[in-house]
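Visitor:
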Amino acid sequence: MMRGPIKWLIVNVIAWIVGVLWIMPFVGIFMTSIRPFKEIVHGWWVFEEFHPTFSKYFEALFHPSYPLWRGLINSFIIVIPSTIIPLILAALAAYAFARFSFPIKNYLFLTMLFMMTVPQQMMIIPIFFMLHNMKLLNTYLGLILVHSSWGIPWITFFLRNYFTMLPTELEEAALVDGASYRQIFWRIVFPVALPGIVSAAVLQFAWVWNDFFFALMLIYDPKRMVATQILPLLKGQYHIDWGLLSAGSVMVMTVPVMVYALLHRYYVKGFTAWAIKK
Amino acid sequence: MGAMRLEKLSFLLPALLLIFIMVIYPILATILLSFNIDIVVGAKVSDKPPSLENYFKAFSSKELLNWKGVETGTFPMGALIHNALWVAIHLPITTMLGLLLAVLLQNVKGASIIRSLIFLGMVVPMIVGGLLIAFSFDKDIGIVNFLLNTLGLKMFVKTWTTYPDTALFALILGSVWLWTGFSVVTYSAGLASIPKEIIEAALIDGAKFRTILFKIIIPLLKPVTVAVVAMTIIWDLKIFDIVYVATRGGPGGASMVLSILMWDYFARVTDYTMSATIATILTFIILPIAIIWVKLVMRGR
Amino acid sequence: MLVSVVLENIRKIFPPNVVALDNISLEIGSSEFFVTLGPSGSGKTTLLRIIAGLERPTKGRVIIGDKVVVDAEKRIFVEPGERNIGMVFQNWALYPHMSVYDNIAFPLRIKKLPKQEIDRRVKEVAEALGIRELLNRKPSQISGGQQQRVAVARALVKQPDVLLLDEPFSNLDARIRVTAREFVREIQKTLGITTILVTHDQADAFAVGDRIMVLRDGEIQQVGTARQLYDEPVNLFVANFIGNPPMNIIKLIPAHPVIKALNLEDIVPKDDSLVYLGIRPDEAIATVEIDNAHIVGKTRIIEYVGARKYVKVEVEHGFSIKVLAGENVTENQKVGVLVRKVHVFNSKGARIESIVY
């Protein structure tokens, strides 16, 4: 659709300007995290003096009341099981939806779809009391359970779509070879469907890491708080230490950004699977 | 034969069990709680008799609907109005911007990098997103105010998030910046699935860019648009983290949204049945959009 | 083990009311190489899948050896994995993430055979099929013909009673097809394993089958040896389907002069409005000698099929037929056609008689 090299140039320039402008806030927060406040009092884009320092990072990590190092470790403790558990359970269920026929299958699937649209606020109150009753409130296990359950509907939906696109011949060959459905699933389907499974894992990982609400509602002990919970606590009541907050923000967002950078393909494939039906 | 059935069951059972206990049951319990009916196992959440009182209370509360504010056009106007405003502003901008950018990037060198940059807002935690918004709208070190200053719009320079008349708008505009990455990437994928030959045929027929955009591209992208719109509306209604960290719903409730209101009733006021009521109201507002989205998904089967 | 396969009154209906198979009964002898031949939609693959257990029949039963593996009325169903069958799928269905060795070993590992036994058998089968050197490779690293051999190896390694092949040659280049066919036939004869092959290509069927069944729209047209199908087709469909180039089918009224020219007046039914004559291109020849010919006509286009030369002849009675071209026959020439064999079909398409001259 490009008519003329001049138009092409203009379009490219505009596009790149848009791109650069778009990440300005990120650049800003990074700058604020490494520059002493007196240098950026009139804006982080002012470069009269430039003496970068990582002191704010240490301050955030080893904050006296809300150390971020503990928050980051807690986040990992929560995220990893909260990714693996729902992935396995949902993959099995997704396979059943894709290959088996059973009564109320469609109603069940419909229910799962609706659950994906419901806000977290809708199930948290009874969960809060249930966990309290099971003495799982304010524990890692409690939060992991909640995240795992919450992840199952969407992962099942996602993987079911993926599985239905795999040709059935491989599974039929395995059936003729005498394999049980369990064996077929783990030895044939899982390895072959790995790209889809990695996509789901990447998205679930990012989602749990980024979560704030469940942690806010279910974890009180500062020793067990996750990284996203710690951040708002670093925001002072009266005076906001932007250097501290920026450093904390950069550290907390590094993990999902790294995952995105390294597994970019799977991330995007997962996201667009929501909207585009192949 | 029985062994096969049992095996097939074992595929479904663990997942279904977990969902029923931890998702479906709590959702139902919340709905009932909004009517003061307590079916929560092992806990006494409500000992009031079943009634609609919570709903009356909610809809007459000015946290939910502040008619005075609506009439005079000043904030706060109530969480319901705030969420509605959010959708009204955020949705059209992010959808059209996303489509335009996706089209713009079709012939740009390094388009995938630019897309990644725009998409970054979707990758970070929304807590960080909220902080970035508060940061950008800060009077002294926020780039928004810097831009306003350089454009000569000095009357708008202030820390937006601390003033009732601008707090909500700061959040909404910030959410456009965060969420447009989704529509850009989704529309880009959609555009890639349109066969090039169709566009080429239109060009040969002498159609201009604007005609091609409106008469061919947009109609062909309708399912994508429905999906983007549905997901955006749902996201706008569910929004929590951003508001929590940037304004906490303030100042004076000027940026209160439904999810924050729900949390407020739960954590600060400890009125659990009211909290459940707000959550239920929120869910039922989402319901029609959810139905449209589910229909779209089911149609593809 | 040498087993027979018996099908009794197999009927398969797909919802809402698509009849894929209608009352199929047949008996396949032990060690027989049986071919099911038919165009797409004839139900041949459905039949194979029913025998394998990948589909269930609506009615009827299948008996492998002395075991009933499925009985729709009595609700008996033996899982595919328990029927001791080997199957080669149309697209091979090799497990892409496993090596050739692991692919072949898979059924044995499922059966939990000891490691040494597995190793021995895999290598034995690989040797027999000439793919020993490929054992370490992945399916994506070998050619189509080799992939097929691996698929066959996997099917045979568990020493099944019956071997099923679903259009095994359709994915191969024409060149390799010929060798593949020979290879499969040799294996079958050596092992003596009861084999059922499904194909739409009559050349495949002729090359390998002891007996061939022609299916059309779920119904059996004819079962017989290749020779029987070729020489004594039971109806027009079979007659036309078998043979390359296809048989010339001529639609005539009983009183047509050509009938007289071929001395068929007594054979053709008088009360029928129509009759069909079938003449295979290989069973008639156009020559420059017109006097002794049955039919006279003018040549149009010369065509070569393999080493043989055919010519299309426009007969003076208003139809054209493709026949062998005799010596000195060229285009646009007046010729006489000498018919060696003709098949007579009634108006419903059933064969009445075949006359040899």
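Taken in sequence, the protein lines are chains A, B and C. The working numbering runs 2 ahead of the 1-based position in the first sequence. The working numbering runs 5 ahead of the 1-based position in the second sequence. The working numbering runs 67 ahead of the 1-based position in the third sequence. Every residue gets a Cβ at the ideal spot worked out from N, C-alpha and C, and that includes glycine.
List the endpoints of the continuous alpha helix (DSSP H) containing A:K107.
Guide: By 1-based counting over the first sequence, the position of residue 107 of chain A is 105. It spans 107-117 - the alpha helix (DSSP H) in which A:K107 sits, taken as one unbroken run.
Visitor: With 7 Å as the limit, tell me which residues of the stretch 179-204 of chain A have their beta carbon closer than that to any beta carbon of chain C; keep them in chain order.
Guide: Listed in sequence order: D179, G180, A181, Q185, I190, P193, V194.
Visitor: Let me know the secondary structure DSSP gives C:M154 once reduced to three states.
Guide: Sequence index remark: in the third sequence, residue 154 of chain C carries index 87 (1-based). It is a strand residue.
Visitor: Could you tell me whether the Cβ atoms of B:T35 and A:P234 are closer together than 8 Å?
Guide: On the second sequence, residue 35 of chain B is found 30 positions in, with the first residue counted as 1. On the first sequence, residue 234 of chain A is found 232 positions in, with the first residue counted as 1. Not in contact: B:T35 and A:P234 (Cβ atoms no closer than 8 Å).
Visitor: Looking at C:T354 and C:L405, is the spacing between their C-beta atoms short of 8 Å?
Guide: Along the third sequence, one-based indexing puts residue 405 of chain C at 338. Along the third sequence, one-based indexing puts residue 354 of chain C at 287. Closer than 8 Å, so yes.
Visitor: For the stretch 156-174 of chain C, list every residue whose C-beta sits within 7 Å of some C-beta in chain A, in sequence order.
Guide: Per Cβ criterion, the list reads F156, N158, A160, Y162, P163, H164, F173, P174.
Visitor: Rounded C-beta distance between C:V380 and C:V390? I'm assuming under 8 Å.
Guide: Along the third sequence, read from residue 1 onward, the residue named residue 380 of chain C stands at position 313. Along the third sequence, read from residue 1 onward, the residue named residue 390 of chain C stands at position 323. So it is a contact: roughly 6 Å between Cβ atoms.
Visitor: For a contact defined as C-beta to C-beta under 9 Å, what are the partners of A:I92 on chain B?
Guide: As a working mapping, residue 92 of chain A is identified with position 90 in the first sequence. Residue identity differs from the one stated: residue 92 of chain A is Ala in this sequence, not Ile. The answer, in chain order, is A20.
Visitor: Do you know how far the Cα of A:M167 is from the Cα of A:K280?
Guide: Sequence index remark: in the first sequence, residue 280 of chain A carries index 278 (1-based). Sequence index remark: in the first sequence, residue 167 of chain A carries index 165 (1-based). Caution is warranted here: a pLDDT of 40 is assigned to A:K280, below 50, making its placement in the model unreliable, and no coordinate value can be reported.
Visitor: Helix, strand or coil: which one does DSSP assign to C:Q215?
Guide: Locating residue 215 of chain C in the third sequence gives position 148, counting from the first residue. Looking at C:Q215 - three-state DSSP - the assignment turns out to be helix.
Visitor: Output, in chain order, the set of chain A residues within a Cβ distance shorter than 8 Å of B:Y60.
Guide: Walking along the second sequence from the start, residue 60 of chain B turns up at place 55. Under the 8 Å cutoff, chain A gives no residues; its nearest Cβ is about 16 Å from B:Y60.
Visitor: For the structure I just gave you, are there three or more beta carbon pairs, one from the stretch 204-221 of chain A and one from the stretch 129-141 of chain B, closer than 8 Å?
Guide: Cβ pair count under 8 Å is three or more, so yes.
Visitor: According to DSSP, is B:S39 helix, strand or coil?
Guide: Position 34 of the second sequence, counted from the first residue, corresponds to residue 39 of chain B. Helix, per DSSP.
Visitor: Roughly how many angstroms lie between the CA atoms of A:K58 and A:I242, to the nearest whole one?
Guide: The residue labelled residue 58 of chain A in the question sits at position 56 within the first sequence. The residue labelled residue 242 of chain A in the question sits at position 240 within the first sequence. Those two C-alpha atoms are separated by around 13 Å.
Visitor: Could you list which residues in chain B have their beta carbon closer than 7 Å to that of A:S251, in chain order?
Guide: As a position in the first sequence, residue 251 of chain A is number 249, starting the count at 1. Near A:S251 (Cβ distances below 7 Å), the residues of chain B are V133, L136.
Visitor: Using the beta-carbon count (16 or more within 10 Å), is C:M280 buried or exposed?
Guide: Locating residue 280 of chain C in the third sequence gives position 213, where the first residue counts as 1. Classification of C:M280: buried, given that the 10 Å Cβ count is 16 or more.
Visitor: Consult DSSP for B:N59 and reduce its assignment to one of helix, strand or coil.
Guide: Taking the second sequence and counting its residues from 1, one reaches residue 59 of chain B at position 54. It is helical.
Visitor: Is there a Cβ from chain A that is less than 8 Å from the Cβ of C:K79?
Guide: Within the third sequence, the letter at position 12 stands for residue 79 of chain C. Answer no: the Cβ-Cβ gap between C:K79 and chain A never drops below 8 Å.
Visitor: When you compare only the Cα positions, how much space is there between C:V251 and C:N330?
Guide: As a first step, residue 251 of chain C is located in the third sequence; it is residue number 184 there, counting from the start. As a first step, residue 330 of chain C is located in the third sequence; it is residue number 263 there, counting from the start. Rounded to whole angstroms, C:V251 to C:N330 spans 45 Å at the Cα level.
Visitor: Just to confirm the assignment: which complete beta strand (DSSP E) runs, minimum length 3, are found wholly within the stretch 122-209 of chain A?
Guide: You should have found no qualifying run.
Visitor: May I ask you to verify whether the stretch 70-82 of chain A touches the stretch 264-278 of chain A, counting CB pairs closer than 8 Å and requiring at least 3?
Guide: Result no; under three Cβ-Cβ pairs closer than 8 Å.
Visitor: Going by DSSP, what residue range makes up the alpha helix (DSSP H) through C:Y297?
Guide: Translated into positions along the third sequence, residue 297 of chain C becomes position 230. Element bounds for C:Y297: 293-298.
Visitor: Using a Cβ-Cβ cutoff of less than 7 Å, which residues in the same chain neighbour C:G105 once the five nearest sequence positions on both sides are dropped?
Guide: Here residue 105 of chain C refers to the residue found at position 38 when the third sequence is read from its first residue. Contacts found: K111, H267, V281, L282, R283.
Visitor: What is the DSSP secondary structure of C:D228, counted as helix, strand or coil?
Guide: For the purposes of this step, residue 228 of chain C is taken as the residue at position 161 of the third sequence. C:D228: coil per DSSP, three-state reduction.
Visitor: Using only the alpha-carbon positions, how far apart do C:A417 and C:V301 sit?
Guide: As a first step, residue 417 of chain C must be located in the third sequence, where it is residue number 350. As a first step, residue 301 of chain C must be located in the third sequence, where it is residue number 234. C-alpha separation (whole angstroms): 6 Å.
Visitor: When burial is assigned at 16 or more other CB atoms within 10 Å of the CB, is B:L85 buried or exposed?
Guide: Here residue 85 of chain B refers to the residue found at position 80 of the second sequence. When all chains shown are included, B:L85 counts as buried.
Visitor: Taking Cβ-Cβ distances shorter than 8 Å, what residues in chain A pair up with C:G310?
Guide: In the third sequence, the residue the question calls residue 310 of chain C occupies position 243. The premise fails here: C:G310 is roughly 33 Å from chain A at the closest Cβ pair, so nothing lies under 8 Å.
Visitor: Please report the straight-line C-alpha distance between C:Q289 and C:V305, rounded to a whole angstrom.
Guide: As a working note, residue 289 of chain C is residue 222 in the third sequence. As a working note, residue 305 of chain C is residue 238 in the third sequence. So the two alpha carbons sit approximately 7 Å from each other.
Visitor: Please compile the residues from chain A whose C-beta is within a distance smaller than 9 Å of the C-beta of C:I152.
Guide: In the third sequence, counting from the first residue as 1, residue 152 of chain C sits at position 85. V178, listed in chain order.
Visitor: Is there at least one Cβ from chain C nearer than 8 Å to A:L161's Cβ?
Guide: The residue labelled residue 161 of chain A in the question sits at position 159 within the first sequence. A:L161 does not count as touching chain C.
Visitor: Pull up the distance between the alpha-carbon of A:V254 and that of A:L74, whole angstroms please.
Guide: In the first sequence, the residue the question calls residue 254 of chain A occupies position 252. In the first sequence, the residue the question calls residue 74 of chain A occupies position 72. Those two C-alpha atoms are separated by around 7 Å.
Visitor: Find out if the Cβ-Cβ distance for the pair B:L226, B:G257 is shorter than 8 Å.
Guide: Counted from its first residue, the second sequence places residue 226 of chain B at position 221. Counted from its first residue, the second sequence places residue 257 of chain B at position 252. For B:L226 and B:G257, no; Cβs fall outside 8 Å.
Visitor: Counting only beta-carbon atoms, is A:W71 nearer than 8 Å to chain B?
Guide: As a working note, residue 71 of chain A is residue 69 in the first sequence. Not closer than 8 Å to any Cβ of chain B, the Cβ of A:W71 fails to qualify, so no.
Visitor: Specify the secondary structure class of A:I221 as computed by DSSP and reduced to three states.
Guide: Counted from its first residue, the first sequence places residue 221 of chain A at position 219. Three-state result, A:I221: coil.
Visitor: Show which residues of chain E have a CB atom less than 9 Å away from the CB atom of A:Q239.
Guide: Among the protein chains of the structure shown, namely A, B and C, there is no chain E.
Visitor: Report yes if the C-beta distance between C:V137 and C:P147 is below 8 Å; otherwise report no.
Guide: For the purposes of this step, residue 137 of chain C is taken as the residue at position 70 of the third sequence. For the purposes of this step, residue 147 of chain C is taken as the residue at position 80 of the third sequence. No, Cβ-Cβ distance for C:V137 and C:P147 is not below 8 Å.
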